[in-house]
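Okay, structure first, notes after.
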Amino acid sequence: MPPRPHPPFKSCPCGSGRSYAACCRPAHDGTAPAATPETLMRARYSAFALGDEAFVRRTWHPDHCPPDLHLDDGTRYLGLKVHAAQDDEVEFTVRLRAPGQGPGSFRERSRFTRLGGAWVYVDGDLT
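Next up, the structure:
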């Protein structure tokens, strides 16, 4: 499925406080790869929020990427808070609203590695 067109956000969906054009869009467009695990995690959050399955797949370690992602299920992503980022791990909380449910959240400690010179998501543990 092709990604949805990227709307002209005033601020990035990842909550960095920067504009989308100056934050996650260069990673999504492939013009500037994520320099750190935290920047990749923020770009992945924004990709989930935008339904950009191609980016999510491209940045998921191929040994761990599920065959079906279902980013078009109607989930609304309401916010991201990064708690810690150290070495190859990032701990964060995502607020969201799944279809037919009230607002919810989850906290995860994600692991990243370099593959072909680029950071990729490996896996994570809910905390």
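According to the numbering used here, the residues represented by the sequence shown are 998 to 1124, in order. Here a beta-carbon is modelled for each residue, glycine too, at the ideal position from N, C-alpha and C.
Rounded to whole angstroms, what's the CA-CA distance from residue i to residue j? Just pull it up for me.
i	j	result
T1072	G1113	32 Å
L1093	E1035	19 Å
A1115	V1091	24 Å
E1086	G1097	32 Å
G1012	R1041	12 Å
R1111	A1095	31 Å
K1078	E1088	9 Å
F1103	F1045	14 Å
P1023	A1029	5 Å
L1068	L1047	9 Å
A1081	E1105	11 Å
Would DSSP call residue i helix, strand or coil?
i	result
Y1017	coil
D1120	strand
P1034	helix
A1051	helix
So residue i and residue j are supposed to be a Cβ contact under 8 Å. How far apart are they, rounded?
i	j	result
D1060	H1025	Wrong, their Cβ atoms sit about 23 Å apart, outside the cutoff.
R1039	C1021	6 Å
Going by other Cβ atoms of all chains shown within 10 Å of its Cβ, with 16 needed for buried, is residue i buried or exposed?
i	result
F1109	buried
G1121	buried
S989	With the chain running from 998 to 1124 in the structure shown, residue 989 is simply not present.
P1064	exposed
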